[in-house]
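4 protein chains.
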Amino acid sequence: MNDVSAVATDVLRSFVERIERLEEEKKNLSEDLKDVYSEAKGNGFDVKILRKIIAMRKMEDHERQEQEALIDLYASALGMARAE
Amino acid sequence: MNDVSAVATDVLRSFVERIERLEEEKKNLSEDLKDVYSEAKGNGFDVKILRKIIAMRKMEDHERQEQEALIDLYASALGMARAE
Amino acid sequence: MNDVSAVATDVLRSFVERIERLEEEKKNLSEDLKDVYSEAKGNGFDVKILRKIIAMRKMEDHERQEQEALIDLYASALGMARAE
Amino acid sequence: MNDVSAVATDVLRSFVERIERLEEEKKNLSEDLKDVYSEAKGNGFDVKILRKIIAMRKMEDHERQEQEALIDLYASALGMARAE
DNA sequence: CACTGGAAAATGCCGC
DNA sequence: GCGGCATTTTCCAGTG
Numbered sequence: 017m018n019d020v021s022a023v024a025t026d027v028l029r030s031f032v033e034r035i036e037r038l039e040e041e042k043k044n045l046s047e048d049l050k051d052v053y054s055e056a057k058g059n060g061f062d063v064k065i066l067r068k069i070i071a072m073r074k075m076e077d078h079e080r081q082e083q084e085a086l087i088d089l090y091a092s093a094l095g096m097a098r099a100e
Numbered sequence: 017m018n019d020v021s022a023v024a025t026d027v028l029r030s031f032v033e034r035i036e037r038l039e040e041e042k043k044n045l046s047e048d049l050k051d052v053y054s055e056a057k058g059n060g061f062d063v064k065i066l067r068k069i070i071a072m073r074k075m076e077d078h079e080r081q082e083q084e085a086l087i088d089l090y091a092s093a094l095g096m097a098r099a100e
Numbered sequence: 017m018n019d020v021s022a023v024a025t026d027v028l029r030s031f032v033e034r035i036e037r038l039e040e041e042k043k044n045l046s047e048d049l050k051d052v053y054s055e056a057k058g059n060g061f062d063v064k065i066l067r068k069i070i071a072m073r074k075m076e077d078h079e080r081q082e083q084e085a086l087i088d089l090y091a092s093a094l095g096m097a098r099a100e
Numbered sequence: 017m018n019d020v021s022a023v024a025t026d027v028l029r030s031f032v033e034r035i036e037r038l039e040e041e042k043k044n045l046s047e048d049l050k051d052v053y054s055e056a057k058g059n060g061f062d063v064k065i066l067r068k069i070i071a072m073r074k075m076e077d078h079e080r081q082e083q084e085a086l087i088d089l090y091a092s093a094l095g096m097a098r099a100e
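Residue numbers (this note's numbering), protein chains in the order written: chain A, 17 to 100; chain B, 17 to 100; chain C, 17 to 100; chain D, 17 to 100.
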């Protein structure tokens with residue numbers, strides 16, 4: 017194997033390692049999340065409802081951003097119409 | 017509000033915060049991952065293939081072989097030529 | 017509301033309806049597809065593999081071969097044994 | 017090839033055909049959708065905004081269903097029988 | 001012609 | 001163990 021591909025191989029290997037490292041961390045966080053839900057369950061909370069609450073809070077956030085985006089969108093659409 | 021439900025509310029709030037915190041961290045890692053793939057792309061690697069490689073490494077060898085075998089089986093039943 | 021915008025409103029409404037109609041039909045087809053896969057599963061077929069087969073058939077031969085070649089290249093650079 | 021696998025092959029082939037047929041139909045609908053959006057654009061509508069409107073109508077629908085689901089969820093968590 | 005955002009598909013997880 | 005749901009990942013069309 018020549019030097020060029022040897023270098024590329026090293027770079028590839030490095031990317032693969034970084035990716036696998038990050039995915040490992042993500043997996044750990046997923047497990048932490050599962051644990052927190054379990055703990056909540058152990059404290060008498062209904063996990064399904066808890067998830068729903070989290071989802072709704074996320075959605076409200078998202079919704080707010082959507083509204084903003086829509087306003088921007090209309091604004092630019094009207095701006096473009098005027099420009100032409 | 018009585019003491020009992022006040023306590024429950026606090027506990028609930030605490031769970032929600034922990035969950036949202038963890039989800040935030042996961043989201044950050046996902047962005048980091050995206051960045052690494054971008055960087056790899058910038059270095060001339062094919063992201064799609066890279067993802068496939070990562071997936072293959074995740075899979076155990078025998079598992080992968082079983083899957084390949086099944087694909088071959090179905091493919092040959094359908095008269096498909098497989099790439100060598 | 018004046019005539020011009022009344023007309024535009026009607027036209028808009030008509031587009032929205034046509035779009036939603038088409039999306040509804042698409043959704044129905046997606047459900048049909050799910051059903052067929054379920055039925056295949058009930059007949060002993062491995063759905064995951066079946067999906068892979070369908071994907072392979074969609075891909076042109078040379079395209080598939082190029083992809084396989086790249087995977088081999090990356091895999092061998094990483095010292096991964098490929099299933100034969 | 018013996019009779020058993022010959023039969024299985026036929027069944028497999030039949031599933032593959034049904035799936036590909038359905039996917040073909042879906043693809044056609046996607047193209048129809050694209051055409052409608054194009055036509056709307058030709059009539060002076062902003063496609064991006066149009067898509068947003070469609071999405072919002074879908075979301076409002078979805079939202080309503082979510083609310084219903086949440087009520088059911090709380091009701092069942094509290095052990096309340098809901099009217100059927 | 002690469003990039004972004006949005007649609008579609010696939011995977012994994014949960015309760016039953 | 002299976003089906004349904006939610007999340008994640010992949011794909012693709014439109015845009016600059």
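Note that CB positions come from ideal geometry on N, CA and C, so glycine has one too.
Helix, strand or coil at residue i [DSSP, three-state]
i	result
Asn59 of chain A	coil
Met96 of chain D	coil
Glu76 of chain C	coil
Asp44 of chain A	In the sequence as presented, Asp is not what sits at residue 44 of chain A; that position holds Asn. If DSSP states are grouped into helix, strand and coil, Asn44 of chain A belongs with the helices.
Inter-residue spacing [alpha-carbon to alpha-carbon] between residue i and residue j
i	j	result
Leu89 of chain C	Lys50 of chain A	38 Å
Gly58 of chain B	Met96 of chain C	24 Å
His78 of chain B	Asn44 of chain C	38 Å
Ala9 of chain A	Met75 of chain C	Because chain A here runs from 17 to 100, residue 9 of chain A falls outside it and cannot be looked at.
Val20 of chain B	Arg67 of chain A	23 Å
Tyr53 of chain C	Leu94 of chain B	17 Å
Thr25 of chain C	Asn18 of chain C	11 Å
Gln81 of chain D	Gln81 of chain C	46 Å
Val63 of chain D	Val63 of chain A	41 Å
Asp48 of chain B	Lys42 of chain B	10 Å
Arg34 of chain D	Arg34 of chain C	27 Å
Top-ranked residue by Cα proximity to residue i, from the options
i	options	result
Glu83 of chain B	C:Glu84, C:Met72, C:Ile65	Reading off the sequence shown, one finds Gln at residue 83 of chain B, where the question assumed Glu. Selected option, being the one with the closest Cα: C:Ile65.
Ala56 of chain C	D:Glu76, D:Ala91, D:Leu28, D:Glu39	D:Leu28
Ser30 of chain B	A:Arg80, A:His78, A:Phe61, A:Met75	A:Phe61
Glu40 of chain C	D:Ala91, D:Arg80, D:Ile70	D:Ile70
Glu36 of chain B	A:Ile87, A:Ser92, A:Ser46	A:Ser46
Met13 of chain B	C:Asn18, C:Gln81, C:Ser92	For chain B, the structure presents residues 17 to 100; residue 13 of chain B sits outside this window and is missing.
Buried or exposed (CB count within 10 angstroms, at least 16 for buried), residue i
i	result
Val23 of chain B	exposed
Val32 of chain A	buried
Leu38 of chain C	buried
Ile87 of chain C	buried
Ala99 of chain A	Summary for Ala99 of chain A: the model assigns pLDDT 45, below 50, so the residue's position carries little reliability; its value from the coordinates is reported in the next sentence. Ala99 of chain A comes out exposed.
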